[in-house]
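Please read the structure below before turning to the comments.
In this note's numbering, the protein residues as written are 2 to 314.
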């Protein structure tokens, strides 16, 4: 065989050897499924061990879903929308939009628990209300080894909203009035935190006609904004404590004209009795009937001879 031809054949054999796999996969390797990400814990897996007065069934029935936004440490911010019973496209009654926020301060555990309890009551509501619940706005603070008022950056989210003059007033108030209390640091700038930005975005996009902010443990009822305030919810009595630079009440109630009802439960770690949970709920609905919903209630509700909130008994 001529030498050039032998050289060509040798070259072809070298190329073929280089292209051949070193070994064939076994049958078990052919059947191996693709790698999948580890399942992420749901809201109940994250929060249940921390929240007083919340059974797993109640938490699961709340059906919280990730909003798509996350906390500073990357934890999901969960929410749940509850639409009016029988809500259909083209309905003649426009639902009232109500935003309920719990655990803005992570060490106020009962505020998240109350929001979860109220989701179940909202599902039975006859009123034309579109509820949006954010039970845990500050998951990093709530899930810290020892729950903290502030978020993972050390910011008090209830001093981080963009109220007028924030750059001047918020640092001055923190330094002079709180003596630089680390639990009340307003942050380096308004809306510097992902949690406060998320709530700010919800107020802009959802456009609530009422905001209910749940806190603890001062045992009072506060109110900011238009309309006559509720005088009581359950045994909590109205005690208007004023507004602070960067607070939700200042931003929503005073600046944006959204009524903000602030509930301060008696205890941060111990839930009210079930009867009190329902009493606060009924009183809130009665006030909404009178001040916000009176002109928009369905005739079947307005003419049944009793207040709509009585239907929750």
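Idealized CB from N, CA, C, for every residue including glycine.
Inter-residue Cα distance where the pair is residue i and residue j
i: residue 200; j: residue 71; result: 11 Å
i: residue 176; j: residue 186; result: 9 Å
i: residue 238; j: residue 282; result: 14 Å
i: residue 131; j: residue 184; result: 34 Å
i: residue 155; j: residue 142; result: 9 Å
i: residue 126; j: residue 58; result: 20 Å
i: residue 124; j: residue 84; result: 8 Å
i: residue 170; j: residue 206; result: 27 Å
i: residue 252; j: residue 260; result: 10 Å
i: residue 241; j: residue 221; result: 9 Å
i: residue 167; j: residue 174; result: 10 Å
i: residue 295; j: residue 275; result: 28 Å
i: residue 79; j: residue 135; result: 6 Å
i: residue 117; j: residue 163; result: 28 Å
i: residue 203; j: residue 229; result: 24 Å
i: residue 122; j: residue 133; result: 13 Å
i: residue 269; j: residue 95; result: 36 Å
i: residue 38; j: residue 144; result: Annotation note: pLDDT 36 at residue 38 (below 50); position unreliable, coordinate value reported separately. Rounded to the nearest angstrom, the two C-alpha atoms are 23 Å apart.
i: residue 180; j: residue 157; result: 15 Å
i: residue 43; j: residue 153; result: 20 Å
i: residue 209; j: residue 219; result: 26 Å
i: residue 128; j: residue 292; result: 14 Å
i: residue 236; j: residue 246; result: 29 Å
i: residue 182; j: residue 106; result: 15 Å
i: residue 227; j: residue 65; result: 31 Å
i: residue 192; j: residue 151; result: 14 Å
i: residue 287; j: residue 234; result: 10 Å
i: residue 178; j: residue 223; result: 21 Å
Sub-7 Å separation of residue i and residue j beta-carbons
i: residue 82; j: residue 149; result: no
i: residue 197; j: residue 161; result: yes
i: residue 243; j: residue 263; result: no
i: residue 104; j: residue 137; result: yes
i: residue 272; j: residue 53; result: yes
i: residue 49; j: residue 60; result: yes
Three-way DSSP call (helix, strand, coil) for residue i in this model
i: residue 254; result: helix
i: residue 59; result: helix
i: residue 195; result: helix
i: residue 243; result: coil
i: residue 75; result: coil
i: residue 64; result: coil
i: residue 294; result: helix
i: residue 282; result: helix
i: residue 52; result: coil
i: residue 81; result: strand
i: residue 237; result: strand
i: residue 100; result: strand
Rounded distance between the beta-carbons of residue j and residue i, thought under 8 Å
i: residue 231; j: residue 266; result: Contact doesn't hold; Cβ gap of about 15 Å is too wide.
i: residue 248; j: residue 159; result: 5 Å
i: residue 256; j: residue 172; result: Not confirmed; about 19 Å, so no contact.
i: residue 258; j: residue 225; result: Their Cβ separation, rounded to whole angstroms, is 10 Å, which puts residue 258 and residue 225 out of contact at 8 Å.
i: residue 56; j: residue 120; result: Not confirmed; about 13 Å, so no contact.
i: residue 194; j: residue 73; result: 6 Å
i: residue 217; j: residue 68; result: Wrong, their Cβ atoms sit about 23 Å apart, outside the cutoff.
i: residue 280; j: residue 102; result: The Cβ separation is near 21 Å, so there is no contact.
i: residue 212; j: residue 100; result: 5 Å
i: residue 51; j: residue 110; result: 6 Å
Residue i beta carbon near the ligand NAP (any heavy atom closer than 6 Å)
i: residue 69; result: The ligand NAP is not part of this structure, which contains no ligands at all.
- At 3 residues or longer, and completely inside the segment 205–229: list those beta strand (DSSP E) runs for me, N to C. 211–216 and 221–225
- Task: Give, in chain order, every unbroken run of the alpha helix (DSSP H) that is at least 4 residues long and sits entirely within the segment 105–183.
- Result: 110–123, 140–143 and 167–173
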